[in-house]
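Presented below is the structure to which this report refers.
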Amino acid sequence: MKSNSPNLLVLLSFLTSLEAQFIPEADARLLAWRAYGTFVQQQLTAGVPLSPGKDFIYVTPPNLAAVRGGTPCPDSVTNFDLFSLADGLQNVNEPLLDNAGASYVDSLYTQRNTANTALQNYEASVYGAQFSTLSSQRDKIVNNAGEELSSVPGYNMGVYGAAGTYNVKISPFQANQITDGLIYKPAYSLSGGFEEVCDAWINYTGPVNTVYNWNMNNVNGKDWTYNIRLKQQTQSENPDNVELGTDYVRVVGASVFWGLISANKGSTTDTTVFNQWTERFSTSVSLKLTMKGLQVFNVGAGFWDVGGVRTTYPNLLPPPLGKNTLAGKVRLQRLLIGTEVGLTITVSDTGTYNSIYSFIQDAKTSVGAGGGFSIFGIRFGAGGGKTTTTHREVKDVSFVTLQEGGQVIIAPSPKGVPVQLGALGKAL
C-alpha cells in the first residue's frame, strides 16, 4: 500500500507556512497605539525629556469628547466638562486616560475632615467644658451669619451690593442668577486662551491644517511606557493582566488596549475582533490623522488647591510617616485637544484590505438591530459609551480601492465638539 505520509507532510508544511503569515491581533494593536502614543508625547512635551517616575503620558482614542468651549457654549457646560476631566486622578501604571478616576477634591476633603477632627480634639483639650459653646458660636457666625448665597432667617439679611445713598435705583434690575438647576464645583482653569481658541475653531472654514502620518516600521510595540519595558503578554486567568517587568498591573480596557477594528452583532456585548493582520503589518499599514486645529492647554486649579499637599496632610506622607493614600496617583497638568479630527487607514496589502472591507460591511448590517463596530477606538452604530465619546454615524466611514490594497477613511469629527487626544500628568 502506498503511504500518504509525504502528502501529509506537504499539507502540514503548507498549513504551518499559512498560519505563520498572520500575527496576533494584540501585537498589531500594541504597535499601532505605541506609534500613536509617540505622536501624543511629542505634542505634549515639545521635545522636553520626561522625568521617570514623575511625568506620565496618557492617550485616548481620537474620539473622546474633550472640554467644550467658545462663545456658543455656556460657561457652566465648559466648567462641568473641565471639572469632570481635571479632577479625576490617574494611575502611574496605566497608559490610557481613565475618565472615571478617583476625585482629587474628595481626597482633600477626606484629609480636611481628618485634620479637623484632630483640631477639634486639641481644642477640646484646651477649652475643656467651654469647647461645645465655642464651637456652636463659631458655626453660627461662620456658617449662618456669614452665608452669602442663601437666606438663613435670623442670622443674615439681603443687602444691595452697592452703598452710598438711600435713594438706590437699580436699572435694569439684575435678577438672581442662581437657579435650582445650577450647582457649584471647585474651580479649574485652562490656560492658553481656551475660549478664544474654541471660537477660532468654530469659525474656521479653511482646509485641514494639521496632518500626522505614521507607520509601524520603527516602532517597538513592546516598549509602551517611558521607563518600563512591556514584555509579552503572559498566560493568566485574567486576560487584562499584563506583565510589566516583574509586577502585574491592571490596564484600562479589555485585552489591554481597545481593538483596532471590532464589531458586535445586535444588542449583545460579545465583541468580535478583526484578527487577520499579516506579518507585513508594520510595513503594509499606515495611518493619517487630520485636524483643523490642535493645541496643548495647561490645567490650573483655583485658590482652594493645597500647595505641598503631602506636607499639609500627614496621612498623605509615605510610610512610615503616614498612610500614603495618594500613592501611585497622578494629577493631569496638560491636555492635548484637537478639532474636526479625521482618520485614514491605508493598507497596501490587497488581501488584508479586502478582509477589512468585508468585516466592516458585515458589521454594518447589524447596526439597525442594535449592533455596532469600532475602528481605532472610534465607535459607529450602537454602544460605545455615548456620554464620553463623540459618537459617529455609519455614513462617516468610506472606502477607496487602490492598485495595491485600499483606504478606510473616517470623516472629521463634528465641528464645535473638541476631541481629547491625550494628556500629561505628574505624580503626587
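When you line the sequence shown up against mature numbering (1 follows the signal peptide of the UniProt record, and there is no 0), it's residues -20 to -1, 1 to 408, in that order. Think of the CB as a built atom: it goes at the ideal place given N, C-alpha and C, for glycine as much as any other residue.
Assuming residue i and residue j are in contact, meaning their beta carbons sit under 8 Å apart, how far apart are those beta carbons, in whole angstroms?
i	j	result
serine 332	serine 264	The displayed chain sequence assigns threonine, not serine, to residue 332. Threonine 332 to serine 264, Cβ: 7 Å. Contact.
leucine 408	leucine 306	5 Å
asparagine 43	arginine 359	7 Å
asparagine 136	asparagine 124	7 Å
residue 443	valine 377	Summary: the structure shown does not reach residue 443, with the chain confined to residues -20 through 408, and so no result is reported for it.
proline 166	glycine 50	Between glycine 50 and proline 166 the Cβ distance is about 23 Å, and since that is not below 8 Å, they are no contact.
Cβ atoms of residue j and residue i: under 8 Å apart, would you say?
i	j	result
residue 485	valine 47	Since the first and last residues shown for the chain are -20 and 408, residue 485 lies out of range.
glutamine 1	phenylalanine 36	no
valine 321	serine 242	no
valine 253	glycine 239	yes
phenylalanine 356	leucine 316	no
valine 279	tyrosine 168	yes
valine 388	methionine 271	no
glycine 172	phenylalanine 261	no
lysine 245	glycine 351	yes
valine 72	glycine 308	yes
threonine 251	isoleucine 3	no
alanine 45	glutamine 275	no
leucine 88	valine 286	yes
asparagine 255	glutamate 5	yes
Looking at the secondary structure, which residues open and close the alpha helix (DSSP H) in which residue i lies?
i	result
serine 116	111 to 119
glutamine 341	330 to 344
serine 262	261 to 264
tryptophan 257	Unbroken run through tryptophan 257: none, as it is neither H nor E.
residue 411	The structure shown does not extend to residue 411, since the chain is modelled only from -20 through 408, so no value can be given for it.
Could you give the first and the last residue of the continuous beta strand (DSSP E) run that contains residue i?
i	result
leucine 11	It is not in any beta strand (DSSP E) - leucine 11 instead sits in the alpha helix (DSSP H) that spans 5 to 25.
phenylalanine 277	273 to 281
alanine 243	241 to 244
tyrosine 168	168 to 170
alanine 403	399 to 407
tryptophan 194	190 to 195
glutamine 313	309 to 319
glycine 348	Where glycine 348 is concerned, there is no enclosing beta strand (DSSP E), given that its DSSP letter is neither H nor E.
threonine 324	322 to 327
glutamine 387	386 to 390
phenylalanine 379	377 to 381
phenylalanine 356	Where phenylalanine 356 is concerned, there is no enclosing beta strand (DSSP E), given that its DSSP letter is neither H nor E.
To the nearest angstrom, report how far apart residue i and residue j are at their CA atoms.
i	j	result
glycine 81	glutamine 110	43 Å
glycine 68	aspartate 61	11 Å
lysine 344	lysine 395	25 Å
valine 106	threonine 97	14 Å
alanine 8	asparagine 59	38 Å
glutamate 74	threonine 25	18 Å
glutamate 176	threonine 185	16 Å
leucine 170	aspartate 329	44 Å
serine 346	isoleucine 325	23 Å
glutamate 128	alanine 15	53 Å
aspartate 203	serine 31	Only weak support exists for where aspartate 203 lies, its pLDDT of 48 falling under 50; the value from the coordinates is given anyway. Cα to Cα, the separation comes out at about 17 Å.
lysine 406	isoleucine 121	40 Å
glycine 402	leucine 77	7 Å
valine 132	glycine 126	9 Å
valine 327	proline 29	33 Å
valine 374	glycine 361	6 Å
asparagine 195	proline 54	40 Å
valine 191	glycine 318	11 Å
arginine 372	aspartate 86	34 Å
arginine 118	serine 130	19 Å
glutamine 23	leucine 269	13 Å
leucine 382	serine 338	16 Å
phenylalanine 174	asparagine 79	20 Å
asparagine 197	valine 380	23 Å
threonine 113	glycine 134	19 Å
valine 310	tryptophan 181	30 Å
valine 397	tyrosine 84	26 Å
cysteine 178	serine 56	15 Å
aspartate 342	phenylalanine 353	10 Å
glutamine 100	alanine 391	60 Å
alanine 104	leucine 404	45 Å
aspartate 160	asparagine 183	Note that aspartate 160 has pLDDT 46, beneath the 50 cutoff, so the model's placement of it is unreliable and no number is given.
Between residue i and the ligand SAH, is there a pair consisting of the residue's CB and a ligand heavy atom that are separated by less than 7 Å?
i	result
isoleucine 325	Judged by which ligands are present, the structure shown has none, so any question about the ligand SAH falls away.
Determine, for residue i, whether the minimum Cβ-Cβ distance to residues of chain B falls below 8 Å.
i	result
glycine 49	The displayed structure is made up of one protein chain only, and chain B is not part of it.
Curious, which full-length beta strand (DSSP E) runs of at least 3 residues does the stretch 42 to 87 contain? Contiguous beta strand (DSSP E) elements confined to the stretch 42 to 87 do not occur, taking only those with 3 or more residues.
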